[in-house]
Each structure stands twice: as structure tokens, then as C-alpha cells.
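In this note's numbering, the protein residues as written are -7 to 320. Okay, structure first, notes after.
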Ligand code: SF4
């Protein structure tokens, strides 16, 4: 994909949640959910963002949409610094950036019929005529493979896959440019996952969408992503083109994640890397390389010096002192 001005460019993004204590309720610590993350997404690209639960990937997704206010850093969208936006500008921005959540059931109002659920963003953004809204809802339902009779039904009357299609239709209602898919297929059965992933791919082609696709499962993002970024304890540890990261992961954490998830081709086997211990607390991340407490290749330097995210091969960055030298 040729390098142009990215649609989304997050620079040094930080999101800390203060923990207050003592009589004066002063900040005594902070959960460092996202810690100096720089990522850009080109127009029409799908960037997969992967890591274990609690690594900060969903917080990053919410921070770039300003659903969470970043603590520091910059977010540029379509060439504009959106952290400087005031309320009205933010409202307009909401049309261009949408999110699809993991659990379609809890993200859809159970008391409203589908026509109202999908029509709500249209109403909020000024489409007052019910007839116009219904016409647009019908168009969107057809786009996601649902039918006219579904308009008057309620969320509980649909299967999980259909509910996620409703979530997709609602996200598309305002013709967004960027869609953040936050574990969008994780709650679905494998066969339904494939259907929704195919739908998202088709919609990307038809409407020129750009996706940030967040998942804890590397294999889910494999076929939909152009590039994949791997996150650990609030930091990006590796980023590369999708086929590169699956064929030649350079960071021991990526290698461990890949070794833990079953290969789609059973004749292909990877040596299993068992990670020691649990993910450390983001309140007090380990010094040096944050992964050193669990890394099978850690040396003394790893506990002292934080490895920079650096280009090891063209287009392939990893944050490991020994990237390309260690691994399986
Ligand atoms: Fe492992 Fe050291 Fe590389 Fe961190 S820097 S991933 S601890 S080898």
C-alpha cells in the first residue's frame, strides 16, 4: 500500500487512570493502560491490534475516538489534531469514526426495534423525517444481509451473528471513514465469525472503509488485516505486514501468542512456548523490557534497559534487544 498521509495517526498516545488515596484523595498511583503508543492507519487499510486481555488495546481504540480522553499525546485524523476539537467539532467527527463492540446483545437497546436502533444515529445527526430514516435503515439492512421484515423486530429475536450485523449496520449509518471493531467477532461461533469477517471485508471494498480491528486472538485478525500490531502491557512490541508477522514473528511475546493459538493448518506445527507467570500489573509495570518477567530469552540487560520499537527488517518493527536473534 503506497505511503500517503495516514487517515489516523496516533503519536505518543498515553492513557493513565489515576488511583486516588489518603485523606486528601491525592493521586497515589496510576493504571498505565496505554503508555506512549504511536500507530498510524492508512486509508482503506485494516490494522489488527492484538494482545491479551487488559493489555490496553481497547483503551487505545476508545482513546483515538475520544470516548476516553487521552492523558497525553496526539491523535490526527484526516490531517487534523482531534484532541484540540471542541464539542461541535467532536459531534461532526463522530459521523466519521464509529465503533462496533464485542457483545452485540448488550450494545443494542433491548426495548427498541431494529429500525430505531439503526435509525438513532441518523436522528441525532439531523435526519428528522421518519420516512427518510426508514428508507436508509432498509438500505443498511440490505447491505448487511438482513431483510425488510427485520426492521420491526427486537434484538432478542435475532441470533448472535444477526445481532452483530445490526451492530455493523448501525455503525455504517452515517457513512464513517474509520471503524474500530473492538473484539467484534469474539462472542460468535467460529462459522458465524467467518461470515461476519467476510461481511466486514466486503463492506470495506464497497465503501472504502478503514478498520482498526482489535482482538485477543491473532488468528482472527490474520485474514482481515493488512498489518498487525501486537501490544503488551500498554506498549506496542511488534508491528509488521500481516503475512510477515505470522511467517516470521520477531518478538518473543508474538511468538508465544502464535504458539498458543491453534494453527488453521494442522499439518503445520509450532513449538509451544509456555509463558511464565501472569501478566504483571499495569499499575507497576516491570522496569526495562516490560516482558522480561515472562520472557524465556531474557538477559540481564532486559530488566534494566527498555528496548525501543525499531525497524529490524524493512516495514517490520519490534521492541526487543535481541529481535531477530532469539526465538524459535
Ligand atoms: Fe525478552 Fe529481553 Fe527481548 Fe524483552 S528485550 S522480549 S525480555 S529478550
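Where is the CB? At the ideal position from N, CA and C, for every residue including glycine.
Straight-line CA distance for residue 211 to residue 253? About 7 angstroms.
Counting only the same chain and skipping the five closest in sequence on each side, list residues whose C-beta sits under 8 angstroms from that of residue 269. Here the set comprises 285, 286.
Check for me: the alpha helix (DSSP H) holding residue 211 runs from which residue to which? The continuous alpha helix (DSSP H) containing residue 211 extends over residues 210 to 214.
Terminal residues of the alpha helix (DSSP H) in which residue 199 lies: It spans 182 to 199 - the alpha helix (DSSP H) in which residue 199 sits, taken as one unbroken run.
With C-beta atoms as the reference, is residue 336 less than 8 angstroms away from residue 175? For the chain, the structure presents residues -7 to 320; residue 336 sits outside this window and is missing.
Straight-line CA distance for residue 364 to residue 141? Residue 364 cannot be examined here, being either before or after the span of the chain that is shown, -7 to 320.
Euclidean distance between Cα positions of residue 68 and residue 89: So the alpha carbons of these two residues sit roughly 12 angstroms apart.
Cβ shell of residue 213 (< 7 angstroms), same chain only, five flanking positions each side left out: For residue 213, where only same-chain residues beyond five positions count, the Cβ hits under 7 angstroms are 40, 42, 205, 207, 220.
Can you check which of these residues, 114, 11, 315, is closest to residue 247 by C-alpha distance? If we check each option's Cα against that of residue 247, 315 comes out closest.
Backbone CA spacing between residue 277 and residue 239 [nearest angstrom]: If you take the alpha carbons of residue 277 and residue 239, they lie about 30 angstroms apart.
Residue 313: beta carbon under 7 angstroms from a heavy atom of ligand 1? Yes, the beta carbon of residue 313 sits closer than 7 angstroms to at least one heavy atom of ligand 1.
Can you say whether residue 312 is buried or exposed, counting buried as having 16 or more other CB atoms within 10 angstroms of its CB? A buried status is given to residue 312, since no fewer than 16 other beta-carbon atoms sit within 10 Å of its beta-carbon.
Compute every distance between the C-beta of residue 291 and the non-hydrogen atoms of ligand 1, then say whether any falls below 7 angstroms. Within the chosen limit of 7 angstroms, ligand 1 reaches the beta carbon of residue 291 through at least one heavy atom.
Cβ contact check for the stretch 287 to 298 and the stretch 227 to 245: 3 or more pairs under 8 angstroms: By the Cβ rule, the stretch 287 to 298 counts as touching the stretch 227 to 245, because three or more pairs are nearer than 8 angstroms.
Leaving out the 5 sequence neighbours to the left and right, which residues in its chain are closer than 7 angstroms to residue 193 when beta-carbon positions are compared? Same-chain partners within the cutoff: 216.
Suppose you measure from the CA of residue 9 to the CA of residue 46; what does that come to, to the nearest Å? Residue 46 has its alpha-carbon roughly 13 angstroms from the corresponding atom of residue 9.
Helix, strand or coil for residue 162 per DSSP? Residue state for residue 162 is assigned as helix, using DSSP reduced to three classes.
Per DSSP, which one or two residues make a beta bridge with residue 170? Note: residue 170 sits in a beta bridge opposite 89, 202.
Leaving out the 5 sequence neighbours to the left and right, which residues in its chain are closer than 8 angstroms to residue 64 when beta-carbon positions are compared? Only residues of its own chain outside the window of five on either side were considered, and among them 4, 5, 6 have a CB closer than 8 angstroms to the CB of residue 64, listed in chain order.
If you follow the alpha helix (DSSP H) that residue 244 is part of, which residue opens it and which one closes it? Residues 244 to 252.
Bounding residues of the alpha helix (DSSP H) (the contiguous stretch that carries residue 51): Membership of residue 51 in the alpha helix (DSSP H) is indicated by the continuous run 49 to 56.
For residue 81 and residue 296, what's the separation of their Cα atoms in angstroms? So the alpha carbons of these two residues sit roughly 44 angstroms apart.
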